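Taking it in order: structure first as C-alpha cells, then the write-up.
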Amino acid sequence: MIVPATPPVPKDALAYLRAKGYRLAWHYDEVWREEHTKAFMVAKAMTQDLLIDIRHGVDKALAQGKTLARFKAELEPMLAKRGWLGRALMPDGSVVELGTPRRLKLIYDTNLRTSRGTGQWARIMRNKAVLPYLRYGLGPSKEHRHQHTLWEGLILPVDHPFWDTHMPPNGFGCRCRVRQLTREEVERRGGPSEAPEVTQTEWTNKRTGETMMVTEGLDPGWDYNPGKARLAGVEKQAKEKDKAFAKAVGTPDKPAPSIKSVVPSALSTLKNITGEAIGRILEQIPGAEKRLAKVAEFTQAKDIKTLIIKQAEMGQRNRAASRIREQVLDYLDEEQRRYGHNNYTITNPSRTGGFTASVFNHVVVKGNSKVKFSDKKAKQVAEELKAAVKLAADTREKGDAPGLWTIAAKASPEAELVATWVHELGHQVHYWAGAERAEKVAKRFLSRYSQSGISRRDYYEYHAEHFCAWLFDRDAFAKFDPDAARYFDELIEKAIRGQERKRHD
1 MIVPATPPVP KDALAYLRAK GYRLAWHYDE VWREEHTKAF MVAKAMTQDL
51 LIDIRHGVDK ALAQGKTLAR FKAELEPMLA KRGWLGRALM PDGSVVELGT
101 PRRLKLIYDT NLRTSRGTGQ WARIMRNKAV LPYLRYGLGP SKEHRHQHTL
151 WEGLILPVDH PFWDTHMPPN GFGCRCRVRQ LTREEVERRG GPSEAPEVTQ
201 TEWTNKRTGE TMMVTEGLDP GWDYNPGKAR LAGVEKQAKE KDKAFAKAVG
251 TPDKPAPSIK SVVPSALSTL KNITGEAIGR ILEQIPGAEK RLAKVAEFTQ
301 AKDIKTLIIK QAEMGQRNRA ASRIREQVLD YLDEEQRRYG HNNYTITNPS
351 RTGGFTASVF NHVVVKGNSK VKFSDKKAKQ VAEELKAAVK LAADTREKGD
401 APGLWTIAAK ASPEAELVAT WVHELGHQVH YWAGAERAEK VAKRFLSRYS
451 QSGISRRDYY EYHAEHFCAW LFDRDAFAKF DPDAARYFDE LIEKAIRGQE
501 RKRHD
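So, in C-alpha cells, the structure goes:
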C-alpha cells in the first residue's frame, strides 16, 4: 500500500465513484445536477477509451490517497499518448484546454470533494439520531464566495430542505464543509438558525444560449445533494435485488456469514505499517474467528478510524505534527476537526504506544521502523498474540501480583504494535458500551498496566488490557478469570448496540 500524502477517501465515497457509468460530453453542464451521480464525465474527453483512462487514474488516486502532483505525474503520459494534453485548435478557430495542469487539478479536486461529500452524507444519515443537526462552515480557502460567507455558522436539522441543494461542495473549487452536532451542542450555541431564503435566478448558458433557473449563490448545476441522490439510487436498487440477495447470502433465519474488515480504515505515515497488515495478523489468530467477527461488526458499525504515525508527529510542539495536521483532519470525521492537533498529539509521546479518548471516533498508534510486517510473518505474529495471554496468566500465577507490564510485553515489536491497536480499540468498546466500572468483575489482573487507576476507581486500563486477552485467547483468559471472560462477551454486544460514547468519571 502506498502511504498517502492525502487521506484515501472512505469506502462509501469510493463506491459512489465506482458505481457510475460513462457519459461523453463536451461541457460539464451537458450532464445536469443529479445526472452526475450516475455518470462519470470529463468535459471534452470525447472517446470511451480516454474517459476510462482518466477514471482509472482518478479511482487509483482517491483509493490510495495520492497527491495532486502524483496524480498528474501518472496520468499525463497516458493522456499525451491519446493526444489529450495541452491546448487544441477547434474547427471554428477557438482554442480549448484539454489536459492542462489547471484542468487536471479541477478533475482531481472535483471528484475528490464530491466523492467525500457523498460518503459524508451516508455517515450523516447513519448518525442523525444522535447528531441531528448540521452546521455550515467555510473551508481553508484563501478567498470565499460572498454568498457562502453568509451561510457560515448556519445550523439546521439534517432533514431540512436547505441541504437538498446546499450540501457542500457548492461549486468548482468550493471547500466549504458541514459538521454534525448533537442537540446539546445546538442548545449551547443558542438553538437552530432561521433558514435562509433560497432564491432562484436566471442563468444563460453562453455556449448554447439556453436560459434556465438556478439557485443563487451556487455554481450552475451544483444545486443538488449528490449523497442524497446516491442513497435514493441505492435504496431503489436494494428493493429490486431483495430476492436475489436473500438467495445469495441467506435470510434473517438462516444468514450466511459475511466477511468484514477488522480494521476498516487507517491512515499511516509509515511505509512499513498499514491497517491492512494489522487486520491480516488478527484474522490469523487461531480460534478467534467468532470474536473477530464481533469486533469487525463493531468497528464497521461505528466507523472506527485508525491513525498510525511517528513519534515526532505525536509531539504537541513538533514541526512534524504541524506538517500532517490537514492530512489528518481531512481523514477524520468532520466533527473531529474541533479538536485540531489534539486528535493525534500528546504531551509525552516517548512514553506512550498509542491513545484514544471518549470524544474521538478513532485510535492513535505510534509506529516505528523496527516493525517489519510481511505476509510470511503474519501467522507467526498472530500465534505470538495468542500465546501472550497464557504467558501473562502463568506469570501472574507465579506471584501475588501481575509480573508483566502489558499482556504483550514479551512479544515481538510487530505483536506489540498490533496489541496496542487492540488495546486502544478496547477503550472505544468500553466507551460505546456505557463505560461502566465493573468493580465486581475487576478482581484479577493479567498485567500491571491493567491495575492503573484502580485505586482512583478508574477502570479504563482494566478494560483495554483484558479486552486484548479476551480477543487473543478467550480460553486462556476464561481459565484465569471465567467471570471476566463472560463479562467481555457481553461488553462487545453492548458496544455494538451502543448509541453514544460515555465515560464513568
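For the sequence shown, counting from 1, position 359 maps to 359 in full-length UniProt numbering; every step adds exactly one.
Backbone N, C-alpha and C define an ideal beta-carbon position, used for all residues, glycine too.
Predicted model, so just to flag it, every value in this text is computed and none were measured.
My output table needs one value for residue i: the three-state DSSP class, helix, strand or coil.
i           : result
residue 508 : Because the chain in this structure spans residues 1 to 505, residue 508 falls outside the shown range and cannot be described.
Y133        : strand
Q499        : coil
R179        : strand
L156        : strand
L417        : helix
W405        : coil
G453        : coil
L218        : coil
H430        : helix
E240        : Only weak support exists for where E240 lies, its pLDDT of 46 falling under 50; the coordinates are left without a value.
F445        : coil
A122        : helix
A435        : coil
A357        : coil
E202        : strand
V371        : coil
T352        : coil
L267        : strand
K366        : strand
Return the CA-CA distance between residue i and residue j, expressed in angstroms with no decimal places.
i    : j    : result
H463 : A122 : 31 Å
T299 : W203 : 46 Å
K386 : F472 : 5 Å
D483 : H466 : 12 Å
G315 : V429 : 26 Å
R456 : K443 : 15 Å
L292 : Q200 : 53 Å
A266 : K305 : 6 Å
L218 : R145 : 9 Å
V262 : K366 : 19 Å
P413 : A69  : 34 Å
K370 : P168 : 42 Å
I346 : E185 : 26 Å
Q374 : E276 : Note that residue 374 is Ser in the sequence shown here, rather than Gln. When rounded, the distance between both Cα atoms is 11 Å.
K379 : K290 : 18 Å
V214 : D223 : 7 Å
A338 : V359 : Per the sequence presented here, residue 338 reads as Arg, with Ala not at that position. One C-alpha to the other measures close to 11 Å.
E197 : E326 : 33 Å
C174 : L154 : 17 Å
P158 : Y133 : First, the residue type needs correcting, since residue 158 is Val and not Pro in the sequence shown. Answer to the nearest angstrom: the Cα atoms are 5 Å apart.
R188 : L156 : 14 Å
Y331 : I324 : 11 Å
Y136 : E384 : 48 Å
T352 : D164 : 45 Å
L307 : M212 : 47 Å
R116 : G426 : 28 Å
E334 : M125 : 14 Å
V441 : A195 : 51 Å
E283 : A382 : 8 Å
G119 : I407 : 38 Å
K479 : R501 : 31 Å
Exposed or buried, what is residue i when buried is set at 16 or more other beta-carbons lying within 10 Å of its beta-carbon?
i    : result
F172 : exposed
A73  : exposed
K228 : buried
A393 : buried
S447 : buried
K271 : exposed
Q180 : buried
V130 : exposed
N343 : buried
W405 : exposed
G279 : buried
N361 : buried
K310 : buried
N127 : buried
S350 : exposed
D458 : exposed
From the beta carbon of residue i, is the nearest beta carbon of chain B less than 7 Å away?
i    : result
N361 : Among the protein chains of the structure shown there is no chain B, as only one such chain exists.
Quick one: measure Cβ to Cβ for residue i and residue j, integer angstroms, because I've assumed they're closer than 8 Å.
i    : j    : result
A495 : W432 : 4 Å
P226 : T114 : 5 Å
L138 : C176 : 6 Å
A476 : K390 : 4 Å
S452 : E461 : 4 Å
What do you reckon, is the C-beta of residue i under 6 Å from a heavy atom of the ligand SAM?
i    : result
Y449 : Looking at this structure, you won't find the ligand SAM or any other ligand, since it has none at all.
Ordered list of alpha helix (DSSP H) runs contained in the stretch 269-326, each at least 4 residues = 275-282, 289-301, 311-314, 319-323
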